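> In this text, residue positions in the sequence shown follow the numbering used here: the first is 22, and each later residue adds one.
Built from N, CA and C at the ideal position, the CB exists for glycine as well.
All figures in this text were calculated on a predicted structure; none of them were measured in a lab.
Just dropping this structure here.
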Amino acid sequence: MFAITPVRNLPVVYLLLMMGLGMTVSAVDNHPPIVTNVVARQIGQQVEIVYDLEDADADLMTVSLQVSSDGGSNFDIEARTLAGDVGERIAGGKSKKIAWQEALDIPELYGTNFVFEVIADDNVGPVEGFVSPTDGAKMVLIPDGSFEMGDHLDEGSPREQPVHIVELDAFYMDVNEVTVGQL
Numbered sequence: 022m023f024a025i026t027p028v029r030n031l032p033v034v035y036l037l038l039m040m041g042l043g044m045t046v047s048a049v050d051n052h053p054p055i056v057t058n059v060v061a062r063q064i065g066q067q068v069e070i071v072y073d074l075e076d077a078d079a080d081l082m083t084v085s086l087q088v089s090s091d092g093g094s095n096f097d098i099e100a101r102t103l104a105g106d107v108g109e110r111i112a113g114g115k116s117k118k119i120a121w122q123e124a125l126d127i128p129e130l131y132g133t134n135f136v137f138e139v140i141a142d143d144n145v146g147p148v149e150g151f152v153s154p155t156d157g158a159k160m161v162l163i164p165d166g167s168f169e170m171g172d173h174l175d176e177g178s179p180r181e182q183p184v185h186i187v188e189l190d191a192f193y194m195d196v197n198e199v200t201v202g203q204l
C-alpha cells in the first residue's frame, strides 16, 4: 500500500526542465502547458493519478509521470506500466487520468512517502521569455549548459568534493525573487 502525496499544484514551467533548442516562429508566441489539481490514490494494486491539463495554444502534448519514493527529493522509480492520458498527442482538459500498475513495476517496494509528478510538454520549444499565467510573474529562459560544482580551493567541507561537472537542461526562472506571500 502507498500513502500518496500529490505534487504541488504548480505550473509545468516550475516543474519541468524544458527540452529542445529548436526555436521556430510559432515558439515565440507559444504558451507553455500547465498541469494543476494533481491527485493520486491507491486502488488495489493500481495507482490512479487524476490531473487537469491546460494549453492556451491547444497544442497536443507529451505527458509523462515521475514517481518519487522519498517525498520528492529524487524521482527514482521508473513507472513503465502506464495507461490512460499519458504519452504523446494528449489534448488538454479536466480530469485527465493515468493508471499505473505499480505492483508490476515495483512488486516488493512498500512505503508511505511517495510523490507523483505529472509533466506536460507541448513540443514547441522553449520560449525566450513570457509571463506566467498562474501568478503573472515575468519569466526568462535559462539555456542549457554545464558548470563545475564543488570546492576548487580545498577550503570547504569534505561533502563539497570532488569537483565535478553538472549538466543542466534549459529551464525557466522568475526574473524577480519570489516572496513567501506569493507562494
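(1) Can you name, in chain order, every residue of its own chain whose Cβ lies under 7 Å from the Cβ of residue 88, other than the five neighbours on each side?
(2) I'd like the span of the alpha helix (DSSP H) that includes residue 123, first residue to last.
(3) Helix, strand or coil for residue 132 per DSSP?
(4) Just tell me which of 196, 80 and 176 has its CA closest to the CA of residue 111.
(5) Taking the alpha-carbon positions, what's the residue 199 to residue 153 distance?
(6) Quick check on the burial criterion: 16 or more other C-beta atoms within 10 angstroms. Buried or exposed for residue 90?
(7) Measure the Cβ-Cβ separation of residue 184 and residue 171 and say whether it is below 8 Å.
(8) Between which residues of its own chain and residue 117 is the CB-CB distance below 8 Å, once the five residues before and five after are set aside?
(9) Around the Cβ of residue 86, are there at least 16 other Cβ atoms within 10 angstroms (buried) or fewer (exposed)?
(10) Quick one: grab the DSSP three-state call for residue 62.
According to the structure shown:
(1) If we look at residue 88 and ignore the five residues flanking it on each side, its Cβ neighbours are 96, 98, 100, 135 and 137.
(2) Taken as a continuous stretch (DSSP letters only), the alpha helix (DSSP H) holding residue 123 covers 123 to 126.
(3) Here DSSP, grouped into helix, strand and coil, assigns residue 132 to strand.
(4) If you compare the alpha carbons of 196, 80 and 176 with that of residue 111, the shortest gap goes to 80.
(5) Looking at the two C-alpha atoms, the distance is approximately 13 Å.
(6) Counting every other CB atom within 10 Å of its CB across the protein chains shown gives residue 90 a total of 16 or more, marking it as buried.
(7) The answer is yes: Cβ separation under 8 Å.
(8) Hits under 8 Å: 71, 72, 73, 74, 84, 105, 106 and 111.
(9) Result: buried.
(10) Residue state, collapsed to three classes: strand.
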